[in-house]
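Residue numbers (my numbering): 13 to 329. Since the structure comes first, as structure tokens, the remarks are kept for the end.
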């Protein structure tokens with residue numbers, strides 16, 4: 013076996029610790045989802061939306077303070093199309109007076125506004141959204157499995173889907189732990205996390221496949237380690253720049269997209285970790301080998317023509 017001590021960092025040397033860490037996180041997340049559950053927002057539970065038109069653009073924080081002071085608890089205040097149009101989504105069931113009560117409350121501060129309209133979304137619609145969103149996530153994972161299995165090899169398909177399920181479960185577990193509101197924006201963030209994590213995982217998988225075909229010296233452990241070393245700079249740079257943008261969204265984007273941003277922040281961090289450890293770990297567990305990835309040799313071609321000189325650390329055997 014190659015002398016892995018010559019590598020800058022032995023990623024696979026920590027794979028057992030990473031496996032235990034991932035299993036613990038997933039078990040805790042599933043337990044939290046089973047015991048505490050998600051704090052579904054009004055997109056899923058139903059509620060009333062009230063649309064108001066102001067003469068001058070209001071301060072959204074002032075509106076939220078007025079609503080809280082009046083005893084309303086579950087509501088979302090956001091701009092709707094323009095700075096002067098405000099949409100207030102509330103958990104309360106619609107009645108003949110609710111929209112007018114909200115308009116009168118906000119108008120009592122001395123601002124000029126007009127009640128444009130209101131509508132009610134029932135819980136049945138929310139239940140359908142829950143089912144459809146769950147089916148959508150499962151379909152996304154199934155499509156990923158088929159795509160990666162066809163592009164690479166079936167073992168790589170499994171090693172790509174498991175990290176995606178791992179990432180989504182942990183993000184949901186964090187939301188269940190802190191009881192942050194889970195709405196359609198968070199669902200969109202989960203789908204974005206799947207796409208981001210998949211892209212990162214495929215970059216690593218592509219390099220692993222390439223190195224298995226070109227480097228003929230060393231064990232699978234060594235080849236996977238070398239592949240991670242070759243892609244780690246790209247992974248860190250991509251994750252770092254993405255996190256900078258997401259931090260800006262979280263701190264300056266306003267309350268309406270806070271949960272969207274925090275879900276993506278958690279997803280990017282966990283997805284970066286899983287593309288290195290969970291995916292590579294699964295390949296090791298399934299016993300990926302050169303035979304799985306070798307391209308059939310064409311008649312008259314020599315095997316040496318496809319060989320690449322192994323890295324310097326692999327020459328010490």
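The beta-carbon is built from N, C-alpha and C at its ideal position, and this holds for glycine as well.
Can residue 96 and residue 124 be called in contact, C-beta distance under 8 Å?
-> In this structure, residue 124 does not lie closer than 8 Å to residue 96 by Cβ.
Exposure of residue 234, with buried meaning 16 or more beta-carbon neighbours within 10 Å | Counting other Cβ atoms within 10 Å of its Cβ, residue 234 reaches 16 or more and is therefore classed as buried.
Given 8 Å as the limit, is there contact between the segment 283 to 290 and the segment 178 to 186, that is, 3 or more CB pairs closer than that?
-> Here the segment 283 to 290 lies against the segment 178 to 186, with 3 or more beta-carbon pairs under 8 Å apart.
Which residues share a DSSP beta bridge with residue 66?
-> 125, per the DSSP bridge assignment.
Can the beta-carbon of residue 101 be found closer than 8 Å to that of residue 61?
-> Remark: C-beta atoms of residue 101 and residue 61 approach each other more closely than 8 Å.
Is residue 291 near the ligand ATP, going by C-beta to nearest heavy atom under 7 Å?
-> Summarising the ligand content, the structure contains no ligands, and the ligand ATP is consequently not present.
Identify the continuous alpha helix (DSSP H) that holds residue 50 and give its terminal residues.
-> For residue 50, there is no enclosing alpha helix (DSSP H), as DSSP marks it with neither H nor E.
Tell me, which residues are paired with residue 91 by DSSP?
-> Note: residue 91 sits in a beta bridge opposite 98.
Assign residue 317 to buried or exposed, taking buried as 16 or more other Cβ atoms, counted over all protein chains shown, within 10 Å of its Cβ.
-> Low confidence applies to residue 317: its pLDDT is 43, below 50, so where it sits in the model is not reliable enough to give any reading.
Report the rounded CA-to-CA distance for residue 6 versus residue 250, giving the unit in angstroms.
-> With the chain covering only 13 through 329, there is no way to say anything about residue 6.
Short Cβ contact (8 Å threshold) for residue 341 with residue 53 | Residue coverage of the chain in this structure runs from 13 to 329, which leaves residue 341 outside it and unanswerable.
Measuring CA to CA, which of 292, 85, 99, 55 is closest to residue 71?
-> For the options 292, 85, 99, 55, the alpha carbon positioned closest to that of residue 71 is the one of 99.
Assuming residue 191 and residue 48 form a contact by the criterion Cβ under 8 Å, report the distance between their Cβ atoms to the nearest whole angstrom.
-> The C-beta distance from residue 191 to residue 48 rounds to 7 Å, short enough to fall under 8 Å.
Given 8 Å, three or more beta-carbon pairs between the segment 289 to 298 and the segment 25 to 34 | Touching, per the Cβ criterion.
From residue 279 to residue 262, what distance separates their C-alpha atoms?
-> If you take the alpha carbons of residue 279 and residue 262, they lie about 14 Å apart.
Residue 319, DSSP secondary structure in three states | For residue 319, the predicted structure reports a pLDDT of 47, less than 50, and the residue's modelled location is therefore unreliable. The matter cannot be settled from this model.
List the residues that DSSP assigns as beta-bridge partners of residue 131.
-> Answer by DSSP bridge pairing, in chain order: 61.
Through-space distance from residue 67 to residue 129, alpha-carbon basis | Whole-angstrom Cα-Cα distance: 16 Å.
Taking the C-alpha atoms as reference points, what is the distance between residue 140 and residue 91?
-> Annotation: residue 140 to residue 91 spans about 26 Å, alpha carbon to alpha carbon.
How many Å lie between residue 58 and residue 296 at the Cα?
-> When the Cα atoms are used, residue 58 and residue 296 turn out to be separated by approximately 46 Å.
Taking the C-alpha atoms as reference points, what is the distance between residue 159 and residue 200?
-> If you take the alpha carbons of residue 159 and residue 200, they lie about 21 Å apart.
In three-state DSSP terms, what is residue 23?
-> If DSSP states are grouped into helix, strand and coil, residue 23 belongs with the helices.
Helix, strand or coil: which one does DSSP assign to residue 164?
-> In the three-state DSSP reduction, residue 164 falls in the coil class, being neither helix nor strand.
Is residue 314 buried or exposed, if buried means 16 or more other CB atoms sit within 10 Å of its CB?
-> With a pLDDT of 49 at residue 314, under the threshold of 50, the modelled position of this residue cannot be trusted; read the value that follows with caution. By the neighbour-count rule (16 or more Cβ atoms within 10 Å), residue 314 is not buried but exposed.
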